[in-house]
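Numbering (this note's numbering), first residue to last: 252 to 469.
Built from N, CA and C at the ideal position, the CB exists for glycine as well.
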């Protein structure tokens, strides 16, 4: 989750002036807030998150202590491969996140049967990625979701209509899972080259090469 600082600047002979910052990662926002507090010239420092909840500097310190131990700063890549001969999908996801002071990359794939189209495979892949987040214990945080399926991402944003009953059922399942996890997603369509890791995992799943691994990254 990112936070925007708001504060009043006081100087001699002038009424307090209201200032606000861009959205910052939690630790950077708190650092800036503490520096403002030490200056003695900032009044009423508030931190507002991306969904509009406001926190005092004292509340922010407590909040970040809790958040730091949970998975956060999430970026999720997903991709679905479709085998039309056997009507099954290979699902792949890469999840980058922080926990404590460390950064991690999680890679996982899965096979899903009774799939009829490539678009359905893409929806299944995103639902699979959300299920992995649930297993990780992810709750109440922002999340970047990236994939090369414009259809999935634009329909989730509500920019494109969905007329197919099967895909609408997937939309409902995904939106329900997002609500259950308390996620605040931002969707980013990307090219296939940028999504090659998730694509490889989906292909490997169709080949019977199952992967579920986590590693710390620098």
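Given residue i as reference, the closest of the options once Cα atoms are compared
{"i": "residue 273", "options": "256, 289 and 333", "result": "256"}
{"i": "residue 435", "options": "308, 393 and 412", "result": "393"}
{"i": "residue 411", "options": "419, 402, 463 and 295", "result": "402"}
{"i": "residue 340", "options": "347, 355 and 369", "result": "369"}
{"i": "residue 330", "options": "419, 427, 362 and 356", "result": "362"}
{"i": "residue 271", "options": "289, 300, 252 and 342", "result": "300"}
{"i": "residue 381", "options": "335, 425, 295 and 334", "result": "425"}
{"i": "residue 267", "options": "294, 281, 454 and 415", "result": "294"}
{"i": "residue 366", "options": "447, 386 and 336", "result": "336"}
{"i": "residue 467", "options": "429, 333, 400 and 354", "result": "354"}
Check: residue i C-beta below 6 Å from any heavy atom of the ligand ZN
{"i": "residue 317", "result": "For the ligand ZN, the structure offers nothing, since it holds no ligand at all."}
Residue i in three-state terms, based on DSSP
{"i": "residue 454", "result": "helix"}
{"i": "residue 312", "result": "helix"}
{"i": "residue 258", "result": "strand"}
{"i": "residue 390", "result": "coil"}
{"i": "residue 284", "result": "helix"}
{"i": "residue 274", "result": "strand"}
{"i": "residue 297", "result": "strand"}
Buried versus exposed call for residue i [16 or more other C-beta atoms within 10 Å across all chains shown]
{"i": "residue 324", "result": "buried"}
{"i": "residue 506", "result": "This structure leaves residue 506 out entirely; the chain is present only between 252 and 469."}
{"i": "residue 358", "result": "buried"}
{"i": "residue 397", "result": "buried"}
{"i": "residue 469", "result": "exposed"}
Cβ-Cβ distance between residue i and residue j below 7 Å
{"i": "residue 315", "j": "residue 351", "result": "no"}
{"i": "residue 283", "j": "residue 298", "result": "no"}
Validate contact between the region 360-380 and the region 299-311 using beta carbons, cut 8 Å, 3 pairs: no
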